[in-house]
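First the structure, in the form of structure tokens, and then the observations on it.
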Amino acid sequence: MRAGHVSTFRASQYIRKNFIRMACRELAASSDDEESDIDIPWIPVYAKSTGLAGKSLEQLKIDRLEEALKKETRQRMRAERAFKATRALLLQERRDHRKKREMWAGEKSSLECKLTQKKKRRQSKTALNCVGDSYGCEDLIVEETGLTSAD
10 MRAGHVSTFR
20 ASQYIRKNFI
30 RMACRELAAS
40 SDDEESDIDI
50 PWIPVYAKST
60 GLAGKSLEQL
70 KIDRLEEALK
80 KETRQRMRAE
90 RAFKATRALL
100 LQERRDHRKK
110 REMWAGEKSS
120 LECKLTQKKK
130 RRQSKTALNC
140 VGDSYGCEDL
150 IVEETGLTSA
160 D
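For the sequence shown, the numbering used here begins at 10 and goes up steadily by one.
Here it is as structure tokens:
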């Protein structure tokens, strides 16, 4: 659409809105002055085609308010759905991050466990060496396994 041009839909909305305003003014003016009979031939045709036939000014106002309420309700529902979707995404990200943290903690603890096991092995080896040095390696093996070198 080029600048300065209005789509036919927008134009029809504008025409309809202004037409309804004008028709309401005419109806209000005719209700004040009952002697003057306003004869506008296109009002009944337009009213019949748009479903406005036989509606009073009050009914038109009520219809307009109902339409505004429906529009506001739709907007609120859209906003609520968007909020719920955003909240669900944030909660999912939190859950994923928590799982990753637990996984990292698990990996870290398993690494720490492996390191402590290595340290314990080293300590036990040095302890064995110390014991072996003081008693002799064969004596220590016999004490732990019950087997002698002859077996």
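Quick reminder that beta carbons are idealized off the backbone N, C-alpha and C, glycines included. Just so you know, these numbers come straight off a predicted model, no measurement behind them.
Please report whether the beta-carbon of His106 lies at a distance below 8 Å from any beta-carbon of chain B. This model lacks chain B altogether; it includes just one protein chain.
Cβ distance (whole Å) where Ile29 is taken to contact Leu69 below 8 Å: By 1-based counting over the sequence shown, the position of residue 29 is 20. By 1-based counting over the sequence shown, the position of residue 69 is 60. Sure, about 7 Å apart at Cβ, within 8 Å.
Helix, strand or coil at Ser65 [DSSP, three-state]: Working through the sequence shown from its first residue, we reach residue 65 at position 56. DSSP places Ser65 in coil when its eight states are reduced to three.
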